[in-house]
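K.L.:
Sharing a structure below in structure tokens format, with a few things to ask.
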Amino acid sequence: MSDEMTTERGPGLVSSLGDVARRRFESKSVTTPVQGVGLEARGIHAWFGDRMVLEDMSLDFWSGTVTALIGPSGCGKSTFIRTLNRMHEFIPGAAMAGQVLLNGEDIYSSGTDVTKIRLKIGMVFQKPNPFPSMTISENVLAGLKLAQLKVDNKDDLLEECLERAGLWNEVKDRLSSYGGSLSGGQQQRLCIARSLAVRPEVLLMDEPCSALDPGSTLRIEETISHLAASMTIIIVTHNMQQAARVSDYTAFLLSDGGPGKMVEFGPTGEIFSRPKDIRTENYVTGRFG
Amino acid sequence: MSHAVLSAAEGAIPAKREITTKPRFSDRVFRAVVSSGALSSLIILGLIFFFLAFQGYSVLRSQGLHFITSSNWQVVTDTAGNVDPKHTQFGIAAMLIGTFLCSLIAIIVAIPVSVLAALFLNFYAPPVFKKIMVAVVDLMAAFPSILFGLWGFFVLMPSAEYWAKLIHHFFGFIPVFQVDPPIFTRSPFVAGLVLAVMIIPIITSVSREVFSQTPLDRIQAAYALGATRWSMIRAVVLPYGRSGVVGGAMLGLGRALGETVAVYTVLNIVYQVNWHVLLGAGGNVASMILLKFGEAGPQEIKALMAAGLVLFLLTLLVNLGADLVVRRSGGKGR
Ligand SMILES: Nc1ncnc2c1ncn2[C@@H]1O[C@H](COP(=O)(O)OP(=O)(O)O)[C@@H](O)[C@H]1O
Ligand SMILES: [Mg+2]
Chain A
7 MSDEMTTERG PGLVSSLGDV ARRRFESKSV TTPVQGVGLE ARGIHAWFGD
57 RMVLEDMSLD FWSGTVTALI GPSGCGKSTF IRTLNRMHEF IPGAAMAGQV
107 LLNGEDIYSS GTDVTKIRLK IGMVFQKPNP FPSMTISENV LAGLKLAQLK
157 VDNKDDLLEE CLERAGLWNE VKDRLSSYGG SLSGGQQQRL CIARSLAVRP
207 EVLLMDEPCS ALDPGSTLRI EETISHLAAS MTIIIVTHNM QQAARVSDYT
257 AFLLSDGGPG KMVEFGPTGE IFSRPKDIRT ENYVTGRFG
Chain B
501 MSHAVLSAAE GAIPAKREIT TKPRFSDRVF RAVVSSGALS SLIILGLIFF
551 FLAFQGYSVL RSQGLHFITS SNWQVVTDTA GNVDPKHTQF GIAAMLIGTF
601 LCSLIAIIVA IPVSVLAALF LNFYAPPVFK KIMVAVVDLM AAFPSILFGL
651 WGFFVLMPSA EYWAKLIHHF FGFIPVFQVD PPIFTRSPFV AGLVLAVMII
701 PIITSVSREV FSQTPLDRIQ AAYALGATRW SMIRAVVLPY GRSGVVGGAM
751 LGLGRALGET VAVYTVLNIV YQVNWHVLLG AGGNVASMIL LKFGEAGPQE
801 IKALMAAGLV LFLLTLLVNL GADLVVRRSG GKGR
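So the protein lines, in turn, are chains A and B.
Residue numbers for the first sequence, in this note's numbering: 7 to 295.
Residue numbers for the second sequence, in this note's numbering: 501 to 834.
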């Protein structure tokens with residue numbers, strides 16, 4: 007069946023990426039039962055000043071899955087992901103419309119404590135940004151202090167988070183050195199560990215590997231695969247292979263000079279092996295973008 | 501690569517090359533202009549130092565350590581009007597301690613106020629209000645000090661007396677807050693407050709500048725972890741800006757140490773060491789120089805120069821100390 011598909015499309019990037027994605031998707035869907043919708047975006051529009059940069063994004067993110075957002079730069083991927091945990095509103099002049107539902111509740115409804123929202127929907131940024139005034143362990147536990155949370159056993163939490171972020175073995179002997187003393191890839195995993203410490207249900211990652219070397223990228227992809235079982239992960243990436251390797255679903259966004267729109271959304275295997283839209287096919291095969 | 505291996509095997513490590521560049525003419529001219537600018541302030545500083553040292557040397561030599569440990573300031577003349585060097589005494593201990601007390605009070609009051617003001621301006625104030633306030637603060641930093649002195653005398657002093665009485669009432673058991681006899685006017689406390697008001701704009705201005713340079717990605721990282729604005733400030737902005745605040749405080753302290761006119765207006769200068777900050781008797785090196793200068797004879801002028809030298813060194817010392825503090829605490833938050 008899959009062989010038919012690949013021969014139909016001819017031997018090219020589409021087929022090989024499709025294979026990678028499909029293999030991963032199939033093995034995953036056997037082991038992880040889908041647990042329901044974790045996060046829903048409903049008719050998201052976004053503006054910077056008077057300029058609309060994102061139009062009518064509606065998308066469901068299922069618990070226990072990884073969704074990749076792909077598209078040429080400037081199409082609004084970062085803007086979209088930042089509307090999902092209310093980081094968008096920090097930019098002066100930024101506005102949005104639509105709803106984001108976390109477990110059925112609109113995170114933008116009045117009376118919502120936005121700090122609580124950001125605890126449940128964590129974020130990892132493009133550039134690793136550990137707090138340089140804090141040690142490695144202080145960095146991991148920073149969220150507890152920032153959000154005034156109490157835990158019984160900090161040491162256990164510290165080890166657990168670093169373990170889940172795939173960093174424990176590398177730093178367990180120097181937990182009290184400063185976060186800035188790590189390599190870029192390690193710093194990014196430290197930031198992932200830091201996000202995990204407040205036990206988010208959703209993790210947003212905006213091009214988390216774009217500043218890293220291939221080895222570190224691989225480590226982070228492994229980390230993502232491990233984390234996916236227990237949470238909803240949404241990752242923006244420029245790297246097609248990465249999207250194919252780590253994600254279960256893929257959304258393709260595009261802007262034709264105006265606001266960015268979603269062109270296609272579906273299981274990653276489908277998007278890479280038999281995209282419905284010619285623009286998607288052109289993008290994933292590298293013909294533009 | 502293979503070449504390097506080969507030569508290493510032979511043990512013939514080449515000598516290190518001296519890397520030179522021939523600067524362009526324009527570059528050399530510019531370099532000369534810039535360095536003479538930098539040197540001129542150093543030279544002026546040096547000239548002032550040598551002038552004070554030269555003038556004050558004889559007094560410092562005859563008085564010795566007494567100059568800074570005793571508080572007697574007496575010019576004794578014989579019947580002919582000549583200065584009697586045996587019984588003439590110059591000691592500025594009370595003035596030094598007074599300067600120290602006033603500046604300490606000023607800095608203790610000014611730092612928290614300035615830091616809070618800077619945080620407010622950067623993170624809480626609405627944009628229009630912020631613009632106006634920033635302009636006002638910068639203007640205040642350049643205000644003539646006599647105006648602060650007059651304002652302190654007519655406006656601040658009456659209410660400061662009231663606060664002083666409150667402090668005395670509740671904390672009078674602490675030695676520095678004792679007041680005996682009950683004179684609250686023109687105390688080091690009042691002078692310290694006036695100085696605080698004077699240096700708040702400088703410290704606020706510098707702190708605000710540093711706080712506003714806090715890297716955005718760190719601020720966002722904190723917010724993305726569920727931080728409130730205040731917890732973000734504590735975790736990110738204050739560690740980042742700490743050395744800047746210390747630097748601003750040192751600028752302010754420098755001004756407070758040398759401030760003359762404003763202190764002169766509101767402080768009762770007495771030649772007696774007084775550690776009781778609420779009591780209406782204090783000292784101040786700079787103000788004393790101003791007070792004595794008009795009617796001083798030649799010998800006394802020399803003593804005043806010596807006092808100036810001590811003030812100069814004190815300021816230098818404080819700044820060096822501040823530099824150390826900044827350097828030691830600087831690296832971590834950045
Ligand atoms: N802070 C901002 N102010 C104004 N316009 C912005 C800002 N950030 C992004 N934009 C614009 O919004 C559009 C989408 O940007 P972004 O979401 O960063 O794209 P992507 O992450 O897909 O590369 C771009 O056209 C960009 O120029
Ligand atoms: Mg982006």
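Ideal Cβ positions, reconstructed from N, Cα and C, are used throughout, including at glycine.
Going along chain B, which residues have a C-beta under 8 Å from residue 151 of chain A?
P.N.:
The residue given as residue 151 of chain A occupies position 145 in the first sequence. Near residue 151 of chain A (Cβ distances below 8 Å), the residues of chain B are 731, 735.
K.L.:
Compute every distance between the C-beta of residue 85 of chain A and the non-hydrogen atoms of ligand 1, then say whether any falls below 6 Å.
P.N.:
In the first sequence, the residue the question calls residue 85 of chain A occupies position 79. For ligand 1, at least one heavy atom lies less than 6 Å from the Cβ of residue 85 of chain A.
K.L.:
Scan the region 545–575 of chain B and note each continuous alpha helix (DSSP H) run of 4 residues or more that stays entirely inside, going in chain order.
P.N.:
Counting only runs of 4 or more, we get 566–569.
K.L.:
Show which residues of chain A have a CB atom less than 7 Å away from the CB atom of residue 739 of chain B.
P.N.:
One-based indexing of the second sequence puts residue 739 of chain B at position 239. Chain A residues near residue 739 of chain B: 139.
K.L.:
Note down, in chain order, each residue of its chain lying with its Cβ closer than 6 Å to the Cβ of residue 35 of chain A, except the 5 sequence neighbours on either side.
P.N.:
Position 29 of the first sequence holds residue 35 of chain A. With a pLDDT of only 48 at residue 35 of chain A, under 50, the local geometry of the prediction cannot be trusted, and no value is derived from it.
K.L.:
Can you give me the start and stop residues for the beta strand (DSSP E) that residue 255 of chain A sits inside?
P.N.:
In the first sequence, the residue the question calls residue 255 of chain A occupies position 249. Taken as a continuous stretch (DSSP letters only), the beta strand (DSSP E) holding residue 255 of chain A covers 255–261.
K.L.:
Tell me which same chain residues have a C-beta within less than 6 Å of the C-beta of residue 125 of chain A, skipping the five on either side of it?
P.N.:
Position 119 of the first sequence, counted from the first residue, corresponds to residue 125 of chain A. These residues qualify, in order along the chain: 153, 204.
K.L.:
Comparing the C-beta of residue 718 of chain B with each C-beta of chain A, is any distance below 7 Å?
P.N.:
Taking the first residue of the second sequence as 1, we reach residue 718 of chain B at position 218. So yes, residue 718 of chain B belongs to the interface.
K.L.:
So who's on the other strand from residue 112 of chain A, going by DSSP bridges?
P.N.:
Sequence index remark: in the first sequence, residue 112 of chain A carries index 106 (1-based). A:107, per the DSSP bridge assignment.
K.L.:
In terms of alpha-carbon separation, which member of B:799, B:741, B:758 lies closest to residue 618 of chain B?
P.N.:
Position 118 of the second sequence, counting from 1, holds the residue named residue 618 of chain B. Residue B:741 is the option with its Cα nearest to residue 618 of chain B.
K.L.:
Can you tell me whether residue 776 of chain B is buried or exposed, with buried defined as 16 or more other CB within 10 angstroms of its CB?
P.N.:
Locating residue 776 of chain B in the second sequence gives position 276, where the first residue counts as 1. The residue in question, residue 776 of chain B, is buried, as its Cβ has 16 or more Cβ neighbours within 10 Å.
K.L.:
Please compile the residues from chain A whose C-beta is within a distance smaller than 9 Å of the C-beta of residue 728 of chain B.
P.N.:
Position 228 of the second sequence, counting from 1, holds the residue named residue 728 of chain B. Ordered by position in chain A, the residues that pass the 9 Å Cβ test against residue 728 of chain B are 121, 152, 153, 154.
K.L.:
Residue range of the alpha helix (DSSP H) that residue 775 of chain B falls in?
P.N.:
As a working mapping, residue 775 of chain B is identified with position 275 in the second sequence. Per DSSP, residue 775 of chain B belongs to no alpha helix (DSSP H) and is neither H nor E.
K.L.:
I want to verify the contact list: residues of chain B whose CB lies under 8 Å from the CB of residue 148 of chain A, in sequence order.
P.N.:
Working through the first sequence from its first residue, we reach residue 148 of chain A at position 142. The answer, in chain order, is 722, 725, 735.
K.L.:
Buried or exposed: residue 520 of chain B, going by 16 or more other Cβ atoms within 10 Å of its Cβ?
P.N.:
On the second sequence, residue 520 of chain B is found 20 positions in, with the first residue counted as 1. So residue 520 of chain B ends up on the exposed side.
K.L.:
Quick one: is the Cβ of residue 272 of chain A within less than 6 Å of any heavy atom of ligand 1?
P.N.:
The residue you call residue 272 of chain A lines up with position 266 of the first sequence. Residue 272 of chain A Cβ: outside cutoff for every heavy atom of ligand 1.
K.L.:
Distance, Cα to Cα, residue 240 of chain A vs residue 73 of chain A?
P.N.:
In the first sequence, the residue the question calls residue 240 of chain A occupies position 234. In the first sequence, the residue the question calls residue 73 of chain A occupies position 67. When rounded, the distance between both Cα atoms is 5 Å.
K.L.:
Do residue 242 of chain A and residue 258 of chain A have their CB atoms nearer than 7 Å?
P.N.:
Here the question's residue 242 of chain A lines up with position 236 in the first sequence. Here the question's residue 258 of chain A lines up with position 252 in the first sequence. No; because the gap between Cβ atoms is not below 7 Å, this pair is not in contact.
K.L.:
So, at 6 Å on beta carbons, what are the nonlocal neighbours of residue 640 of chain B in its own chain, with the 5 sequence-adjacent residues on each side left out?
P.N.:
For the purposes of this step, residue 640 of chain B is identified with residue 140 of the second sequence, where counting begins at 1. Hits under 6 Å: 701.
K.L.:
To the nearest angstrom, report how far apart residue 658 of chain B and residue 755 of chain B are at their CA atoms.
P.N.:
Your numbering for residue 658 of chain B matches position 158 in the second sequence. Your numbering for residue 755 of chain B matches position 255 in the second sequence. Going by the C-alpha atoms only, they are around 24 Å apart.
K.L.:
Residue 54 of chain A by DSSP, collapsed to three states: which one?
P.N.:
Here residue 54 of chain A is taken as the residue at index 48 of the first sequence, counted from 1. Residue 54 of chain A falls in the strand class under three-state DSSP.
K.L.:
Classify residue 35 of chain A as helix, strand or coil using the three-state DSSP reduction.
P.N.:
The count along the first sequence starts at 1 and reaches residue 35 of chain A at position 29. For residue 35 of chain A, the pLDDT reaches just 48, beneath the cut-off of 50, and the residue's location in the model is therefore unreliable, leaving the point undetermined.
K.L.:
Would you check if there are 3 or more beta carbon pairs closer than 8 Å linking the region 99–113 of chain A to the region 46–63 of chain A?
P.N.:
A contact exists between the region 99–113 of chain A and the region 46–63 of chain A.
K.L.:
If you drop the 5 nearest sequence neighbours on each side, which residues of the same chain put their C-beta closer than 8 Å to that of residue 584 of chain B?
P.N.:
Indexing the second sequence from 1 puts residue 584 of chain B at position 84. For residue 584 of chain B, where only same-chain residues beyond five positions count, the Cβ hits under 8 Å are 576, 577, 578.
K.L.:
For residue 714 of chain B and residue 95 of chain A, what's the separation of their Cα atoms in angstroms?
P.N.:
As a first step, residue 714 of chain B must be located in the second sequence, where it is residue number 214. As a first step, residue 95 of chain A must be located in the first sequence, where it is residue number 89. Each residue's Cα considered, the two are about 19 Å apart.
K.L.:
How about residue 782 of chain B and residue 598 of chain B: do their beta carbons lie closer than 7 Å?
P.N.:
The sequence position of residue 782 of chain B within the second sequence is 282, counting from 1. The sequence position of residue 598 of chain B within the second sequence is 98, counting from 1. A contact, by the Cβ cut-off of 7 Å.
K.L.:
What do you reckon, is the C-beta of residue 783 of chain B under 6 Å from a heavy atom of ligand 4?
P.N.:
With respect to ligand 4, the structure offers nothing, as its ligand set consists of ligand 1 and ligand 2.
K.L.:
Please tell me whether, using a cut-off of 6 Å, the distance from the CB of residue 79 of chain A to the nearest non-hydrogen atom of ligand 1 is below it.
P.N.:
Here the question's residue 79 of chain A lines up with position 73 in the first sequence. Flag set: Cβ of residue 79 of chain A near ligand 1.
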